[in-house]
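Residue numbers (UniProt numbering): 1 to 157.
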């Protein structure tokens with residue numbers, strides 16, 4: 001299924017951006033209706049981020065976090081509680097899977113589950129080879145010893 005916007009002209013005039021256009025097309029399709037569990041995205045500073053997911057009722061052994069290339073997948077599977085005799089069940093007991101697209105060089109550093117809130121910390125680590133470097137301008141430099149030598153020579157006048 002395609003999005004309402006046609007990226008074909010951009011695909012024809014760019015090189016190496018195929019993944020970007022695929023992400024844009026798939027995100028428009030994926031906005032459908034799945035919104036469980038709710039989550040927050042926080043920017044802690046320029047290179048540090050946090051995802052907070054509300055996973056009340058899930059334990060650490062019922063949640064899996066998998067970081068793959070450019071994708072973070074959080075899944076939760078609750079064990080069935082067949083022993084309980086519920087009169088009313090208002091707390092969701094459904095399994096979930098949440099996917100987050102990660103930019104290049106974003107790594108998961110840690111995850112913590114406290115008070116029903118799963119916090120996943122991420123950091124963007126740009127490789128040294130990709131960081132901007134200041135390039136000095138080369139060229140012929142004045143030779144100090146030559147200028148000083150000419151100034152110290154006695155003049156025959």
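Quick reminder that beta carbons are idealized off the backbone N, C-alpha and C, glycines included.
Just so we're clear, the structure is a prediction, and the values are computed from it rather than from any experiment.
Residues sharing a beta bridge with residue i, DSSP
| i | result |
| --- | --- |
| residue 75 | 64 and 97 |
| residue 10 | Residue 10 pairs with nothing; no bridge assigned. |
| residue 124 | 106 |
| residue 39 | 53 |
| residue 112 | 119 |
| residue 48 | 123 |
Among the options, nearest to residue i - alpha-carbon criterion
| i | options | result |
| --- | --- | --- |
| residue 107 | 95, 121, 94 and 98 | 121 |
| residue 100 | 46, 50 and 137 | 50 |
| residue 123 | 131, 44, 18 and 60 | 44 |
| residue 103 | 47, 13 and 138 | 47 |
Whether residue i touches residue j by CB criterion (8 Å)
| i | j | result |
| --- | --- | --- |
| residue 75 | residue 110 | no |
| residue 62 | residue 77 | yes |
| residue 79 | residue 36 | no |
| residue 105 | residue 128 | no |
| residue 119 | residue 52 | yes |
| residue 7 | residue 24 | yes |
Is the number of C-beta pairs between the region 107-117 and the region 50-58 that are closer than 8 Å three or more? yes
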